[in-house]
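Under UniProt numbering, the first residue of the sequence shown carries the number 2, and numbering increases by one thereafter.
Notes to accompany the following structure.
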Amino acid sequence: FTSKLPAVGTTIFTTMSQLAAQTGAINLSQGFPDFDGPEALREALARHVAAGHNQYAPMTGLPALREQIALKIERLYGRKVSADSEVTVTPGATQAIFCAIQALIHPGDEAIVFDPCYDSYDPSVTLAGGHCVHVPLAAGNFAIDWQRLEAALSPRTRLIILNTPHNPSGALIGRDELDRLAALIRDRDIHIVSDEVYEHLVFDGRQHASVLAHDELYARAFVVSSFGKTYHVTGWKTGYVVAPPALSAELRKVHQYVSFCGVTPLQYALADFMAACPEHLAELPAFYQAKRDLFCDLLAGSRFTFTRTPGTYFQLADYSAIRPDLDDVAMAQWLTREHGVAAIPVSVFSERPDPAQRLVRFCFAKREDTLRQAAEKLSAI
Ligand code: PMP
Ligand code: GLN
Numbered sequence: 002f003t004s005k006l007p008a009v010g011t012t013i014f015t016t017m018s019q020l021a022a023q024t025g026a027i028n029l030s031q032g033f034p035d036f037d038g039p040e041a042l043r044e045a046l047a048r049h050v051a052a053g054h055n056q057y058a059p060m061t062g063l064p065a066l067r068e069q070i071a072l073k074i075e076r077l078y079g080r081k082v083s084a085d086s087e088v089t090v091t092p093g094a095t096q097a098i099f100c101a102i103q104a105l106i107h108p109g110d111e112a113i114v115f116d117p118c119y120d121s122y123d124p125s126v127t128l129a130g131g132h133c134v135h136v137p138l139a140a141g142n143f144a145i146d147w148q149r150l151e152a153a154l155s156p157r158t159r160l161i162i163l164n165t166p167h168n169p170s171g172a173l174i175g176r177d178e179l180d181r182l183a184a185l186i187r188d189r190d191i192h193i194v195s196d197e198v199y200e201h202l203v204f205d206g207r208q209h210a211s212v213l214a215h216d217e218l219y220a221r222a223f224v225v226s227s228f229g230k231t232y233h234v235t236g237w238k239t240g241y242v243v244a245p246p247a248l249s250a251e252l253r254k255v256h257q258y259v260s261f262c263g264v265t266p267l268q269y270a271l272a273d274f275m276a277a278c279p280e281h282l283a284e285l286p287a288f289y290q291a292k293r294d295l296f297c298d299l300l301a302g303s304r305f306t307f308t309r310t311p312g313t314y315f316q317l318a319d320y321s322a323i324r325p326d327l328d329d330v331a332m333a334q335w336l337t338r339e340h341g342v343a344a345i346p347v348s349v350f351s352e353r354p355d356p357a358q359r360l361v362r363f364c365f366a367k368r369e370d371t372l373r374q375a376a377e378k379l380s381a382i
């Protein structure tokens with residue numbers, strides 16, 4: 002038997018969440034809230050299960066949910082998309098990204114990803130027979146390094162995967178950078194997968210620059226989001242892809258054989274909640290910014306150093322002043338075992354990490370008491 006993914010092992014999320022559970026550490030590693038999604042959303046799910054909405058959903062997603070997604074996109078990004086031909090609901094953003102990659106990549110094609118990057122991109126490209134070219138983001142601010150990007154382009158490049166707000170750094174891609182990217186690929190046969198699962202988690206009054214608001218890029222893009230992040234229900238594993246009709250048609254050919262459709266009652270509940278509570282989206286930045294600020298204020302007296310994250314629910318922290326002798330994988334283990342707080346090492350998201358980097362990622366999508374307890378432990382080190 003020859004493995005199709007010989008370099009892949011257990012993901013860092015499984016590893017660290019298991020270690021946190023085994024050791025009883027506070028789990029700030031894998032990204033998920035330790036509080037529940039809105040009560041009205043959970044009640045809607047119970048109602049729809051009781052009402053018998055328990056058989057297959059349409060392959061492309063429940064029409065009412067696709068309508069709500071289209072309405073949101075028009076409201077936030079000024080684009081009118083067709084709920085019928087441009088919006089596809091999937092069981093999670095990870096699957097949406099996988100399907101978009103399978104639809105695009107032929108054997109021998111290259112896909113560009115920016116390191117550090119979410120761990121599903123590279124194996125998805127490999128399974129399609131393609132090759133992932135890893136372009137490091139700029140050290141320090143995690144911005145696109147244009148020289149490196151241009152050097153990485155080849156006649157085989159078919160895809161560039163964007164992620165803004167960026168996991169793990171929180172960095173945002175600006176509208177001017179989208180313009181620059183559009184100019185760079187204008188005369189090339191390159192598509193875009195834009196992973197915008199943290200689109201609503203943008204802080205300090207900044208705006209999320211969506212590919213959905215960019216005519217030229219959208220014409221060749223798959224834009225992906227996740228209800229898990231937006232409604233505090235990562236376990237619901239429901240996301241969606243928005244793409245022009247011809248691209249959506251190709252994506253659906255894959256999606257219908259990966260899962261066929263998403264989970265029916267979840268889609269009913271999300272559609273109801275989006276219609277009843279559109280203000281949820283506008284409230285999210287302040288909700289998570291308060292958590293970020295609480296966590297950062299509490300860590301201000303610690304020996305970790307950091308710049309407050311501009312987006313996502315992750316905060317990077319430099320531990321050079323604490324254990325410069327440990328690489329970040331060892332540091333994450335040490336923090337979990339010896340100090341009762343689990344974190345994610347940042348190097349695992351890069352093909353060739355800088356061995357001198359001393360960064361771990363903390364998830365602050367947690368209740369206030371969790372953040373206080375964790376910060377107390379981290380400040381005592
Ligand atoms: N992309 C990024 C950057 C993520 O952080 C996540 C969630 N961990 C996903 C995609 C996947 O989202 P989902 O849980 O909906 O599959
Ligand atoms: N996206 C989440 C994170 O970055 C985890 C997703 C997963 O467990 N695969 O922590």
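Cβ atoms here follow ideal geometry from the backbone N, Cα and C, with glycine treated the same way.
Remark: the shortest separation between the CB of residue 227 and any heavy atom of the ligand PMP falls under 7 Å. Relative to the non-hydrogen atoms of the ligand PMP, the Cβ of residue 238 comes within a distance shorter than 7 Å of at least one.
When secondary structure is reduced to three states using DSSP, residue 135 falls in the strand class.
Counting only the Cα atoms, residue 176 lies some 24 Å from residue 317. Segment contact: the region 30-45 against the region 8-21, three or more CB-CB distances shorter than 8 Å; contact assigned.
In the same chain as residue 235, and ignoring 5 residues on each side of it, the C-beta atoms closer than 6 Å to its own belong to 33, 229, in chain order. Beta-bridge analysis with DSSP links residue 240 to 91, 227. Contact holds between the region 45-61 and the region 262-274, because three or more Cβ pairs, one in each stretch, are under 8 Å apart. Here residue 192 is bridged, per DSSP, to 160. Under DSSP, no beta-bridge partner is assigned to residue 198.
The beta carbons of residue 108 and residue 281 sit no closer together than 8 Å. Counting C-beta atoms within 10 angstroms of its own C-beta, residue 207 has fewer than 16 neighbours from the protein chains shown and is therefore classed as exposed. With respect to residue 290, residue 204 sits close: the two C-beta atoms are nearer than 8 Å. About 7 Å separates the beta carbons of residue 332 and residue 346, which is inside the 8 Å limit, making them a contact pair. Counting along the chain, the unbroken alpha helix (DSSP H) around residue 329 starts and ends at 329-340.
Sixteen is the threshold: since fewer than 16 other Cβ atoms of the shown chains lie within 10 Å of the Cβ of residue 142, the residue is exposed.
Residue 150: member of the alpha helix (DSSP H) spanning 147-153, first to last residue. Taking the Cβ atoms as the reference, residue 136 lies roughly 15 Å from residue 157, outside the contact range of under 8 Å. CA-to-CA, the gap between residue 106 and residue 133 works out to about 11 Å.
Judged by DSSP secondary structure, residue 362 falls within the beta strand (DSSP E) whose first and last residues are 360-364.
Beta-carbon to beta-carbon, residue 71 and residue 90 are separated by about 12 Å, too far to satisfy the 8 Å threshold. Contact check for residue 197 and residue 242: beta-carbon distance about 11 Å, past the 8 Å limit, so the pair fails to qualify.
Contact check for residue 274 against residue 41 passes: the beta carbons are separated by less than 8 Å. Residue state for residue 346 is assigned as strand, using DSSP reduced to three classes. Distances taken from the Cβ of residue 91 to the heavy atoms of the ligand GLN include none shorter than 7 Å.
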